[in-house]
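Have a look at the structure below before the remarks.
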Amino acid sequence: MLEQTGSEAIVYQGQFGEFTITDSDRTGVIVYRTGLMVAALSFALGSALVLLNHSVVDLQILTPLFACFCVALGVSLFTIHIYLAVLHQLLQVFWAIGTLSSVVFAVNSSEPLAVTIYNHPTTLFGVGFVFAALTGIYFKEAFCFNRLETKVLTPLVPILLLGHLLQVLPLLWEKAMLAVWAILFIVFALRKVVQPIPPDIGDKSVFAYFKQQRSAKA
């Protein structure tokens, strides 16, 4: 990396050449992290309502909270930097399938969406794609930054969802795992706030290289 003086940008040496980080790049990372924080707060608040055994009337709040979670997660998925374009697009497709399924279930059920999902585990065949996309983010962060909380969340989320789908987890275990998920999600989002921005942008020369490879094949 070469640091230039004055108002000139820092020039980084990437795997396939030099690159600079623009204001647009930094804005994208801020938007990504903001989406994660909103998603984490929405999920944590919703989880608290469930774990504190609030009434069905109170649980009506979960539907707009879940909608906020989905929108924020979508924003993060469209601004996250992932080298493999196919994986990036796959996570976005997962999010779209899960979000659309959630809308369908919410519109066609007289119960709060969370109650519908809990009472009818097979709905996870649709809604679960949202959480598959989220798990993809956890995996990416665990792989790139070796974060303990995302290393725990990457297996915990599918285990909890599959366990509920197959009805093999005791209720106490499900509550405990949900609480751990909510807490670690907040920890993850908070740690992203204080992380330097350049690592989240990654090696832009790799993105440029892959783009050139795709153009050459077209």
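Count along the sequence shown starting at 1, add 330, and that's the number in my numbering. Heads up, the beta-carbon is just placed ideally off N, CA and C, and yes, glycines get one too.
Classification of residue i by the beta-carbon crowding that lies within 10 angstroms, buried from 16 upward
i: G347; result: exposed
i: T452; result: exposed
i: S549; result: Outside the displayed span of the chain (331 to 548) sits residue 549, for which this structure offers no information.
i: L389; result: buried
i: L382; result: exposed
i: P442; result: buried
i: F475; result: exposed
i: I467; result: buried
i: Q334; result: With a pLDDT of 40 at Q334, under the threshold of 50, the modelled position of that residue is not reliable, and the figure given next carries that caveat. The residue in question, Q334, is exposed, as its Cβ has fewer than 16 Cβ neighbours within 10 Å.
i: L421; result: buried
i: H411; result: buried
i: L520; result: exposed
i: F459; result: buried
i: F473; result: exposed
i: L395; result: buried
i: V380; result: buried
i: V487; result: buried
i: L490; result: buried
i: K541; result: exposed
i: L508; result: buried
i: A512; result: buried
8 angstroms CB neighbourhood of residue i in its chain, flanking five on each side removed
i: I447; result: F435, T453, L454 and V457
i: A538; result: F346, G347 and F349
i: I516; result: A370, L371 and A374
i: L464; result: A369, L403 and V487
i: E504; result: L490, G493 and H494
i: A444; result: G376, V380, L389, L392, T393 and F396
Chain-order list of residues whose beta-carbon lies under 7 angstroms from that of residue i (same chain, five-residue window excluded)
i: V536; result: G344, Q345, F346 and Y413
i: V359; result: I527, D530 and I531
i: L514; result: E479, V482 and L483
i: D353; result: none
i: C400; result: T429, S432 and V460
i: R356; result: I527
DSSP beta-bridge partners of residue i
i: Y342; result: F349
Neighbourhood of residue i by C-beta, 6 angstroms cutoff - its chain only, sequence neighbours within 5 removed
i: N449; result: none
Open item on the list: Three or more C-beta pairs under 8 angstroms: does that hold for the stretch 358-373 against the stretch 404-418?
Closed with: yes
Task: Stretch pair the stretch 420-438 + the stretch 479-496: three plus CB contacts closer than 8 angstroms - done: no
Open item on the list: If contact is defined by three or more beta carbon pairs under 8 angstroms, each pair taking one atom from either stretch, is the stretch 371-381 in contact with the stretch 494-503?
Closed with: no
Task: Segments assigned alpha helix (DSSP H), at least 4 residues, entirely inside the stretch 488-538 - done: 501-524 and 528-531
Open item on the list: Please give me, in chain order, every unbroken run of the alpha helix (DSSP H) with length at least 4 that falls completely inside the stretch 353-383.
Closed with: 353-381
Open item on the list: Please give me, in chain order, every unbroken run of the alpha helix (DSSP H) with length at least 4 that falls completely inside the stretch 405-483.
Closed with: 415-438, 443-449 and 454-475
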